[in-house]
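Have a look at the structure below before the remarks.
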Amino acid sequence: MLIGLAKRALFETDKRLLWKLAWNMGWKGFRSIQKHKKRLRNGRFFPPYLYISIVNSCNLRCQGCWVDVAHKQHTIDVPALNRMIDTAKKQGNAFFGILGGEPFMHKGLFDVLEAHPNVYFQVFTNGHFITDEVAKRLRKCGNVTPLISIEGSELISDQRRGKSSVFEQSMTGVKNCVKNKVMTGVCTSLCQSNFDDLLNEAWIDRLVDLGVLYTWFHIYRPVGPQPTPELALTQAQQRQAREFVVNMRCKKPIIIIDAYYDANGEALCPAATGFTHHINPWGGIEPCPIIQFAKESIHDARPLDEVFNESSYLSDFRELAAKHTRGCIALERPDLIESLVARHGAEDNTARKTALAELKAANVYPSQYMPDQTPIPEKSWLYRVAKKIAFHEYGVYTKHFKIENWQDPMAAEKKQDALIQIHSKEPAASNK
Ligand code: SF4
Numbered sequence: 017m018l019i020g021l022a023k024r025a026l027f028e029t030d031k032r033l034l035w036k037l038a039w040n041m042g043w044k045g046f047r048s049i050q051k052h053k054k055r056l057r058n059g060r061f062f063p064p065y066l067y068i069s070i071v072n073s074c075n076l077r078c079q080g081c082w083v084d085v086a087h088k089q090h091t092i093d094v095p096a097l098n099r100m101i102d103t104a105k106k107q108g109n110a111f112f113g114i115l116g117g118e119p120f121m122h123k124g125l126f127d128v129l130e131a132h133p134n135v136y137f138q139v140f141t142n143g144h145f146i147t148d149e150v151a152k153r154l155r156k157c158g159n160v161t162p163l164i165s166i167e168g169s170e171l172i173s174d175q176r177r178g179k180s181s182v183f184e185q186s187m188t189g190v191k192n193c194v195k196n197k198v199m200t201g202v203c204t205s206l207c208q209s210n211f212d213d214l215l216n217e218a219w220i221d222r223l224v225d226l227g228v229l230y231t232w233f234h235i236y237r238p239v240g241p242q243p244t245p246e247l248a249l250t251q252a253q254q255r256q257a258r259e260f261v262v263n264m265r266c267k268k269p270i271i272i273i274d275a276y277y278d279a280n281g282e283a284l285c286p287a288a289t290g291f292t293h294h295i296n297p298w299g300g301i302e303p304c305p306i307i308q309f310a311k312e313s314i315h316d317a318r319p320l321d322e323v324f325n326e327s328s329y330l331s332d333f334r335e336l337a338a339k340h341t342r343g344c345i346a347l348e349r350p351d352l353i354e355s356l357v358a359r360h361g362a363e364d365n366t367a368r369k370t371a372l373a374e375l376k377a378a379n380v381y382p383s384q385y386m387p388d389q390t391p392i393p394e395k396s397w398l399y400r401v402a403k404k405i406a407f408h409e410y411g412v413y414t415k416h417f418k419i420e421n422w423q424d425p426m427a428a429e430k431k432q433d434a435l436i437q438i439h440s441k442e443p444a445a446s447n448k
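My numbering applies: residue 17 is where the sequence shown begins, and numbers increase by one.
This is the structure in structure tokens:
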């Protein structure tokens with residue numbers, strides 16, 4: 017795998033872009049982690065990686081989308097974005113996630129990318145606005161990687177994303193990026209309708225043939241105004257996805273990202289560990305993109321680093337999540353988020369103003385934490401080292417987590433199954 021990956025890096029990439037990735041994301045990313053650890057040792061907090069949703073609008077209407085894409089457009093303006101990024105850079109941050117809605121619908125996106133050549137941006141996009149011209153401009157920037165979402169085959173993509181020819185348009189975006197030697201990734205939110213289509217070797221091989229350099233399999237979160245719960249994955253499927261990713265990392269010349277497990281395969285939540293938090297298009301500071309409640313904003317008068325450091329809402333979220341699960345508190349324990357929001361008087365930061373009702377009505381689902389199963393550790397030394405350095409618990413579970421606090425989201429279902437088992441063994445009443 018490593019030789020294949022090295023060959024691809026050598027022969028398929030623009031060396032200036034490869035250098036920018038290695039220096040801004042690689043070396044400076046490593047430095048930002050060291051600075052984060054030092055802040056934590058000194059009792060201060062500022063997340064080393066910010067997810068920033070710069071606009072709510074989008075041209076698609078995906079199942080399970082929590083962003084108010086159909087509402088009046090709202091953006092974080094360029095001066096506010098630059099101020100936020102400058103403050104984060106002073107903390108040593110060098111890597112930023114840019115989300116939406118659809119980020120390419122923000123007219124000032126390139127102004128921001130071009131204003132910060134010494135850091136690296138990952139833009140989460142559906143790829144529909146990436147023309148050849150846009151791809152050329154991304155190459156000129158050199159400090160940005162588009163992560164293009166593909167949610168299934170042609171048919172499933174249209175179904176999942178509520179528009180037609182979605183797959184083709186995303187693929188055109190991918191091809192424009194690859195043709196212009198932009199560092200390109202493809203991501204999928206694994207769910208019932210695309211699990212078999214995309215979680216297989218043939219799809220990975222297709223991405224490699226297309227010239228895609230990395231891929232990321234998220235696990236579908238049934239949240240928002242149309243959560244579509246039937247798309248949620250079972251615990252067994254989430255484990256299968258973990259196994260597949262670990263094996264493909266040793267086999268395929270492509271980088272495969274995940275945000276749920278450390279080097280030993282222990283589950284974690286990147287918001288609970290403080291690795292990242294989210295800024296919504298209205299500037300609200302949220303624990304993560306799907307927990308749409310905020311107490312603070314980037315527009316507060318205080319400097320952003322003070323806002324993060326002094327937020328009892330965010331620190332309480334991290335402790336609460338780490339105390340009750342190593343998995344996803346949003347899937348497993350929406351009741352705890354409801355009490356957190358009430359305790360801090362955090363505001364519903366959606367335009368639709370139904371986030372609290374959605375939380376109250378939310379079901380519970382299995383997540384990446386499966387204490388009754390043995391963790392699946394990284395097999396590839398490269399991922400083991402990378403995760404040991406940057407992607408681990410940062411001490412939060414060691415400090416807070418107790419298995420007795422964990423509530424099995426499957427408990428009710430398992431009890432039901434056990435009862436069915438018992439009854440199925442009982443001789444039929446008529447035989448009595
Ligand atoms: S709460 Fe869930 S969705 Fe949010 S960052 Fe944690 S694992 Fe991810």
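Every residue gets a Cβ at the ideal spot worked out from N, C-alpha and C, and that includes glycine. Only a predicted model underlies this, so the values are computations on that prediction, with no experimental measurement involved.
Expressed to the nearest angstrom, what Euclidean distance is found between the alpha-carbon atoms of S180 and K195?
25 Å
Is it the case that the region 157-173 contacts the region 205-218, given that we only count it when at least three CB pairs across the two stretches are under 8 Å?
The count of Cβ pairs closer than 8 Å, one atom from the region 205-218 and one from the region 157-173, reaches three, so the stretches are in contact.
So the candidates are N109, L66, I70 and V150; which of them puts its Cα closest to the Cα of L115?
I70
In chain order, what residues of the same chain lie with their CB nearer than 6 Å to the CB of F145, ignoring the 5 residues before and after it?
Excluding residues up to 5 positions away in sequence, F120 lie with their Cβ nearer than 6 Å to the Cβ of F145 in the same chain.
Do G117 and Q185 have their CB atoms nearer than 8 Å?
no
For a quick check, are the C-beta atoms of P297 and N72 less than 8 Å apart?
yes
Minimum C-alpha distance to I301 - residue among D316, A288 and A378:
D316
Around the C-beta of N134, are 16 or more other C-beta atoms found within 10 angstroms, so that it is buried, or is it exposed?
exposed
Distance CB(K197)-CB(D30) smaller than 8 Å:
Yes, they are a contact pair.
Straight-line gap, P269 to L372 (C-alpha atoms, nearest Å):
About 44 Å.
For my contact list, I306 and R237 are in at a C-beta cut-off of 8 Å; report their separation, rounded to the angstrom.
About 5 Å separates the two Cβ atoms, so the contact holds.
Proximal residues to N192 (C-beta, below 8 Å), its chain only, five neighbours per side dropped:
I146, T147, D148, V150 and A151
When you measure from the CB of A362 to every non-hydrogen atom of the ligand SF4, does any distance come out below 7 Å?
no
Host alpha helix (DSSP H) of I146 (start-end):
Premise fails: I146 is in no alpha helix (DSSP H) and is neither H nor E.
Would you give the residue range spanned by the beta strand (DSSP E) that T231 belongs to?
Y230 to I235
Determine the contact status of D274 and F233, defining contact as a CB-CB distance below 8 Å.
yes
Residue environment, Q308, which counts as buried when at least 16 other CB atoms sit within 10 Å
buried
Flag A406 as yes when its Cβ comes closer than 7 Å to any non-hydrogen atom of the ligand SF4, and as no otherwise.
False, no ligand heavy atom lies under 7 Å from that Cβ.
Considering only residues of the same chain and omitting the five flanking positions on each side of Y399, which have a CB-CB separation below 6 Å?
Excluding its 5 nearest sequence neighbours in each direction, Y399 has C-beta neighbours in its own chain below 6 Å: R265, listed in chain order.
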